[in-house]
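Sequential numbering of the sequence shown, starting at 1, is according to our numbering.
Think of the CB as a built atom: it goes at the ideal place given N, C-alpha and C, for glycine as much as any other residue.
The structure appears right after this line, and notes come after that.
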Amino acid sequence: MPLQLQERKIRQTPRGLMQATVFRAPGKFGLEEKPIPKAEAGGAVIQVRLTTICGTDIHIVRGEYPVQPGLTIGHEAVGVIHELGPGVTGYDVGQRVLVGAITPCGQCEPCLSGHTSQCMTALGGWRLGNTIDGVQAEYARIPFAQANLAVIPDKLSDEDVLLLSDIASTGFSAAESGRVQLGDTVAVFAQGPIGLCATLGAKLMGASEIFAVDSDRDRLRSAEKFGATRLILANEDPVESIREATHGKGVDVAIEALGQQSTFESALRVLKPGGILSSVGVYSGHLRIPVEAFGAGLADQTIVTTLCPGGKARMYRLMRLVEAGRIDLARLLTHVFPLEEIGRAYELFAARRDRVLKVAIRVS
Ligand SMILES: [Zn+2]
Ligand SMILES: [Zn+2]
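In structure tokens form, the structure reads like this:
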């Protein structure tokens, strides 16, 4: 479905109002004026500086992932604290902060058991731009501020840290959940932004060979820069190539980063007995498991799924990697648009034009 931006002349926003990217109906979304939110108890309001568009947002505006009409979308933000609600301590208005896509409460049973993205209920940690107004706006209300605002070190730019809020964290978590060990062989199916970060995650965790699979040559070239040691075109029988390269044994860890039957199945078919299939793709419909690739259920394989981990501790951990020069994610930001042109940004990103990987939206 072509994306139809609701055309509307940008004028000076009246006092107390702001511009926000609002979902109206499948295929219909655009900038609208909304009141600047007020901070609630335990929460905060940030003035957004930089945000981005996620593949999930494309599903939302196309109506493939349902959200309430009138919702502000977007879940990745760098901002400045504009207002702190009652009960929030340890922060000051004006501080520059990174907010994760997943904003857990930090107090419920799943949170305290380490499953912050499953806060209160399944996938419940994903609130921004899903169940509450998101961050593709001039201001955004952040729930559970104390669990979720990570102060950004001065030496890091907005661009340096923006992608830590979701895709980098999700991609790295694919390698972490796959428990990649020194010398492991790893296959990563699909090299979109999350797959590229999974590739980088596998490298950081000490993988030996990293097989990157994608149908797009440009993305494979990017994969090489992110640590892939072998590049395999998806239409050139990746299962056969990887099995051959591992002398028929298969890989220790197979990562699925697309959310399709074919890539899930290929990941299983290249996985050695006792290996781990780490899945971060988002699936729809039914997912089938070919039993012969699964040792009829007796091959000691593990299938693990992960949603982006939430909370400020995760953000601090990832910012340390950037600060120490171990990762550089700003190079994934291939395009920049001002908020007024977010419709154009959506269109370019959805069409994957101009070798786009990620777009940055400069808000203030
Ligand atoms: Zn996302
Ligand atoms: Zn919770």
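- Taken through DSSP and simplified to helix, strand or coil, R243 comes out as helix.
- Collapsing the DSSP output to three states places T199 in a helix.
- Under the Cβ criterion (8 Å, minimum of three pairs), the region 73 to 90 counts as touching the region 31 to 50.
- Within the region 24 to 64, the complete beta strand (DSSP E) segments of 3 residues or longer fall at 28 to 35, 44 to 52, listed in chain order.
- DSSP, read as helix, strand or coil, puts P66 in coil.
- Straight-line spacing of the CA atoms in L298 and R269 works out to 14 Å.
- With a cutoff of 8 Å on beta-carbon distance, G125 and S113 are scored as not near each other.
- In the displayed model, S266 falls within a helix according to three-state DSSP.
- If you draw a 10 Å sphere on the C-beta of K155, you find fewer than 16 other C-beta atoms in it, and that means exposed.
- Around the beta carbon of Q191, a 10 Å sphere encloses 16 or more other beta carbons of the protein chains shown; the residue is thus reported as buried.
- Per the C-alpha coordinates, the member of V188, V180, A168, A207 positioned closest to C197 is A168.
- Closest option to V186, judged by alpha-carbon separation, among S222, I276, I303: I276.
- Annotation for D218: the continuous alpha helix (DSSP H) segment containing it runs 217 to 225.
- Contact between the region 166 to 184 and the region 334 to 351 is not established, with fewer than three Cβ pairs separated by less than 8 Å.
- With a threshold of 16 other beta carbon atoms within 10 Å, S266 meets it and is buried.
- If you check the CB distance, H75 and A101 come in under 8 Å.
- Nearest in C-alpha terms to Q12, of all of G250, E32, G195, is E32.
- In chain order, the residues that have a beta carbon nearer than 6 Å to some heavy atom of ligand 1 are C54, T56, H75, A101, D166.
- Shown here, Q260 sits in coil according to DSSP, grouped into three states, outside any helix or strand.
- Counting along the chain, the unbroken beta strand (DSSP E) around Y139 starts and ends at 139 to 142.
- Apart from sequence neighbours up to five positions away, the residues of its chain that approach V213 with a beta-carbon distance below 6 Å are F189, I232, A234, P238, ordered along the chain.
- Distance from the Cα of T72 is smallest, within the candidate group C119, K28, A137, for A137.
- With a threshold of 7 Å, the Cβ atom of G87 does not count as near ligand 2, since no heavy atom of the ligand is closer than that.
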